[in-house]
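Since the structure comes first, as structure tokens, the remarks are kept for the end.
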Amino acid sequence: MRIVIRALILCVPLLAPALGRAEVRVVPPFELERYAGRAAIGLLVPGAGPEVTREGALAALLRGKLRHDLLGGAPSGTPLIELGRRGGPLVLVALPPDGRTSNDRRYP
Numbered sequence: 140m141r142i143v144i145r146a147l148i149l150c151v152p153l154l155a156p157a158l159g160r161a162e163v164r165v166v167p168p169f170e171l172e173r174y175a176g177r178a179a180i181g182l183l184v185p186g187a188g189p190e191v192t193r194e195g196a197l198a199a200l201l202r203g204k205l206r207h208d209l210l211g212g213a214p215s216g217t218p219l220i221e222l223g224r225r226g227g228p229l230v231l232v233a234l235p236p237d238g239r240t241s242n243d244r245r246y247p
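Each residue of the sequence shown is one higher than the last, beginning at 140 in the numbering used here.
Next comes the structure, spelled out in structure tokens:
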């Protein structure tokens, strides 16, 4: 039994990088009902403040933080995730359209 426990302890660091992987893709808006029986679903808050931009929403998604529209809208810093095919759980995200829009909608 001790050998099995030691083997598992030695393998955990090898598995850790794979646990944090997810495939994040930006897609056109879609109906939540389409995936309700097959996946976890939720809504994206695209930004903070009265208006948002697609660039600001994408920057917030990649960095995991918001910046108020009146302060520039797009957060700075190092991205925490990358978009694209990476394996792992699939996350589909819709963003606001190009340009400046009212921040009165949530995106799947």
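Even glycine gets a Cβ: it sits at the ideal position worked out from N, Cα and C. Predicted model only: the values in this text are computed from it and were never measured.
- In the structure shown, Ala-187 adopts extended strand secondary structure according to DSSP, grouped into three states.
- Closest by C-alpha distance to Arg-239, out of Glu-162, Arg-224, Val-163, Gly-186, is Gly-186.
- Ser-215 and Arg-202 have their C-alpha atoms roughly 8 angstroms apart.
- Annotated as distal: Leu-200 and Pro-247, with beta-carbon spacing of 8 angstroms or more.
- Spatial neighbours of Ala-213 in its own chain (CB-CB distance under 8 angstroms, excluding positions within 5 residues in sequence) are listed in chain order as Thr-192, Glu-194, Gly-195, Ala-198, Ala-199, Arg-206.
- Looking only at Ala-178, Gly-211, Leu-231, the smallest Cα-Cα distance to Pro-189 is reached by Gly-211.
- Put simply, of Arg-224, Tyr-174, Leu-234, Asn-242 the residue whose alpha carbon is nearest the alpha carbon of Ala-161 is Arg-224.
- In the structure shown, the three-state DSSP call for Glu-194 is helix.
- Taking Val-163 as reference, the option from Asp-243, Leu-222, Pro-235 with the minimal CA-CA separation is Leu-222.
- A Cβ-Cβ contact shorter than 8 angstroms links Leu-231 with Val-166.
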